[in-house]
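Participant: Before we start, here is the structure in question, set down as structure tokens.
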Amino acid sequence: MKFHFPHVLSHFWKFTTLHAISAALFFLCPLPHLMAQQAPSLSLSPAVIMAKGAYGQSLTQRLTINNQTSNAFSFEMVAQDVIVRDGKRVFLPAGEIDNSIAATAIFSPKEIVAAPFSSASVDVTITLPQDTSLRAIAAVFRTKSVVNPTSGSVGLTASMGTLITFNLSDKVALAADPITVNLPTDSTNLSVDQALTNTGSEPIIPKGVAAILNGKGQLVGKSSFAVQRLLPGEKLVFHTEYPDQLAAGSYHVLCTFQFEGKTESQQTDFIVK
Amino acid sequence: MRSLRPLFFGCMVLLWPLVAQCAPQAGHTGSARHLSTHPLKMEAHSEGNLSVDFFPLPDGAQILGTQSGATLNLGKVSYAGQPEHTGITLKHSSQSFSVQTAIGIRIGTGNFAGETVQLKAWLEVPAEPYHIYFDNVPMTLQPQLVNSHTQLGIITRHELNITVPQNTSESQSAFRTMISLQVIRN
Chain A
14 MKFHFPHVLS HFWKFTTLHA ISAALFFLCP LPHLMAQQAP SLSLSPAVIM
64 AKGAYGQSLT QRLTINNQTS NAFSFEMVAQ DVIVRDGKRV FLPAGEIDNS
114 IAATAIFSPK EIVAAPFSSA SVDVTITLPQ DTSLRAIAAV FRTKSVVNPT
164 SGSVGLTASM GTLITFNLSD KVALAADPIT VNLPTDSTNL SVDQALTNTG
214 SEPIIPKGVA AILNGKGQLV GKSSFAVQRL LPGEKLVFHT EYPDQLAAGS
264 YHVLCTFQFE GKTESQQTDF IVK
Chain B
11 MRSLRPLFFG CMVLLWPLVA QCAPQAGHTG SARHLSTHPL KMEAHSEGNL
61 SVDFFPLPDG AQILGTQSGA TLNLGKVSYA GQPEHTGITL KHSSQSFSVQ
111 TAIGIRIGTG NFAGETVQLK AWLEVPAEPY HIYFDNVPMT LQPQLVNSHT
161 QLGIITRHEL NITVPQNTSE SQSAFRTMIS LQVIRN
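In order, the protein sequence lines correspond to chains A and B.
Quick note on this note's numbering: the first sequence kicks off at 14 and runs consecutively.
Quick note on this note's numbering: the second sequence kicks off at 11 and runs consecutively.
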């Protein structure tokens with residue numbers, strides 16, 4: 014015996030079936046993405062803390078290790094001062110330098126165990142010295158040996174640290190080197206490099222754009238520089254690529270960086286043949 | 011006798027805006043002494059997270075474990091013989107031979123738009139008489155900077171080189187070592 018839907022019911026059936034399929038697709042499509050997120054992982058949060066205040070003030074923050082693996086991990090908390098020597102960052106053990114900020118860091122607890130499929134948190138309290146030129150520390154979850162290598166093998170363990178920066182005054186300044194324009198080739202895009210030095214006393218995160226103008230002064234295109242943090246005294250090359258083709262001719266590139274309400278600009282001319 | 015209550019409430023309604031305006035100012039004046047000193051706590055905001063995963067590479071050694079702790083299996087190697095496992099390369103010189111392999115490391119998952127980390131590495135225990143190099147950086151018991159701008163969110167290739175002096179005795183030949191890595195966002 015065959016069962017026939019009446020005409021209206023048949024339409025209703027098609028309508029609801031289509032909706033059911035759409036709903037199923039909607040919920041099933043993100044599955045690979047969700048599964049990727051749920052893959053075993055060990056992560057530290059946050060990666061960066063940016064603090065503002067004054068000398069003598071204190072900061073308390075919670076750092077969390079999320080262990081979504083089937084193994085337990087043990088960590089010892091370690092604080093390091095981050096200084097800049099010859100334009101590059103150097104990490105020093107707490108107390109090795111005068112007016113160390115890391116030396117004031119108190120971890121509670123000092124050691125933790127992150128059980129499988131759980132998270133564990135540590136509170137860190139930092140009290141800034143009354144006078145210090147330092148502006149950053151690293152609070153490191155130092156992994157205790159989780160592997161026991163056998164003969165003929167190399168054990169690898171990874172420790173993760175949270176960078177904590179401090180802005181204590183409005184003395185922010187930036188020095189820019191001349192712009193370097195790398196002309197496009199058959200296999201590379203046009204790229205612009207701009208070296209910046211933090212000549213102030215505070216950490217800054219310059220956000221920059223390179224604007225390309227043609228010979229008539231008309232805007233041809235623009236491209237954002239990759240964002241990087243500059244600690245006082247640090248020098249980094251900021252890089253951006255312009256992916257579109259430029260016709261042969263004369264051009265002008267204007268690089269503008271903004272930081273803490275200030276602006277730094279550099280410009281130069283170049284010719285595409 | 012007429013009640014004064016309506017008059018009182020009427021005055022209250024009329025005067026209320028004046029009282030409401032003065033009250034915060036009085037409070038402000040009272041707390042001005044408190045504001046003249048710095049608050050004890052700093053303001054802060056935080057961002058992002060970090061993770062470290064190890065990956066075997068097609069031309070690298072076998073890896074056991076992947077998250078924050080892993081073991082590279084080099085197997086048995088000797089000056090004269092061939093490596094026991096694939097992904098191991100031997101290079102000979104007159105005084106020594108070296109064992110080379112590669113490993114993939116991914117720091118952070120997600121889209122980080124060119125953001126980087128500092129990658130440091132060191133030995134957990136002395137490795138004498140072997141000389142160990144991670145990305146051509148000689149490993150010691152002190153943390154060594156391997157790469158100051160390691161890209162986040164992508165698998166980066168890293169090379170491990172273990173140099174074995176030719177005069178290594180039989181008792182010293184049972185090689186095992188531990189390398190610690192440290193990552194901190196720039």
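Think of the CB as a built atom: it goes at the ideal place given N, C-alpha and C, for glycine as much as any other residue.
#1: Applying the criterion that 16 or more other CB atoms from any shown protein chain within 10 Å of the CB defines a buried residue, is A:GLY228 buried or exposed?
#2: Please identify, using Cβ separations under 9 Å, the residues of the stretch 62-82 of chain B that lie next to chain A, in order along the chain.
#3: Measure how close the beta-carbons of B:GLU169 and B:ALA112 come, nearest whole angstrom, since I'm counting them as under 8 Å.
#4: Please confirm whether A:ALA133 has its beta-carbon closer than 8 Å to some beta-carbon of chain B.
#5: Report the option in A:THR170, A:LEU203 and A:ASN195 whose CA atom is closest to the CA atom of B:HIS187.
#6: Would you please verify whether the beta carbon of B:LYS107 is less than 8 Å from any beta carbon of chain A?
#7: Suppose you measure from the CA of A:GLY174 to the CA of A:ALA261; what does that come to, to the nearest Å?
#8: Please state whether DSSP places A:THR117 in a helix, a strand or coil.
#9: Keeping to the same chain, check which residues put their C-beta closer than 7 Å to that of A:LYS65; ignore five residues upstream and five downstream.
#10: By Cβ distance, which residues of its chain are closer than 6 Å to A:ALA127, with the 5 residues on each side in sequence left out?
#11: Quick one, which residues of the stretch 166-187 of chain A are near chain B if we go by CB-CB under 7 Å, in chain order?
#12: In whole angstroms, what separates the C-alpha of B:GLU53 from that of B:PHE122?
#13: Could you name the residues of chain B that A:ILE150 contacts, counting a contact when the two beta carbons are closer than 7 Å?
#14: Counting contacts by CB-CB distance shorter than 8 Å, is B:LEU187 in contact with chain A?
#15: What is the DSSP secondary structure of A:ASN211, counted as helix, strand or coil?
#16: Could you give the first and the last residue of the continuous beta strand (DSSP E) run that contains B:PHE185?
#17: Would you list, in chain order, the members of the stretch 153-175 of chain B that have their beta-carbon closer than 7 Å to a beta-carbon of chain A?
#18: What is the DSSP secondary structure of A:GLN231, counted as helix, strand or coil?
#19: List the residues of chain A that B:ARG195 touches, going by C-beta distances under 7 Å, in chain order.
#20: The beta strand (DSSP E) that contains A:ALA152, what's its start and end?
#21: Check whether the stretch 182-192 of chain A and the stretch 96-115 of chain A are in contact - that is, three or more C-beta pairs closer than 8 Å.
#22: Below 8 Å on the Cβ atoms is my contact criterion, and I expect A:PHE120 with A:VAL135 to pass it. Report the Cβ-Cβ distance as a whole number of Å.
#23: Taking B:LYS51 as the query, report the chain A residues whose CB atoms sit under 8 Å from its CB, ordered along the chain.
#24: Residues in the stretch 128-139 of chain B with C-beta within 8 Å of chain A's C-beta atoms, listed in sequence order?
#25: Are A:SER182 and B:LEU60 touching if we call contact CB-CB under 8 Å?
Facilitator: In short, the structure shows the following:
#1: Residue burial is scored here from C-beta neighbours: A:GLY228 has fewer than 16 other C-beta atoms within 10 angstroms and is therefore classed as exposed.
#2: VAL62, ASP63, PHE64, ALA71, ILE73, LEU74, GLY75, THR76, GLN77, SER78, GLY79, ALA80, THR81 and LEU82
#3: 5 Å
#4: no
#5: Per the sequence shown, the amino acid found at residue 187 of chain B is Thr instead of His. It is A:THR170.
#6: According to the sequence displayed, residue 107 of chain B carries Phe and not Lys. Closer than 8 Å: no.
#7: 48 Å
#8: helix
#9: ASN180
#10: The answer, listed in chain order, is ILE78, ASN80, PHE86 and ALA133.
#11: SER166, VAL167, GLY168, LEU169, THR170, ALA171, SER172, MET173, GLY174 and LEU176
#12: 25 Å
#13: Ordered by position in chain B, no residue passes the 7 Å Cβ test against A:ILE150, which lies about 10 Å from the chain.
#14: Correcting the residue identity first, residue 187 of chain B is Thr in this sequence and not Leu. For B:THR187, the answer is yes, since a Cβ of chain A falls inside 8 Å of its Cβ.
#15: strand
#16: Unbroken run through B:PHE185: none, as it is neither H nor E.
#17: Going along the stretch 153-175 of chain B in chain order, one finds SER158 and LEU170 with a Cβ nearer than 7 Å to chain A.
#18: coil
#19: The contacting residues are ALA60, VAL61 and LEU176.
#20: 149-156
#21: no
#22: 5 Å
#23: GLY66, GLN70, SER71, LEU72 and THR73
#24: Listed by position, the residues of the stretch 128-139 of chain B near chain A (Cβ gap below 8 Å) are GLN128, LYS130 and GLU134.
#25: no
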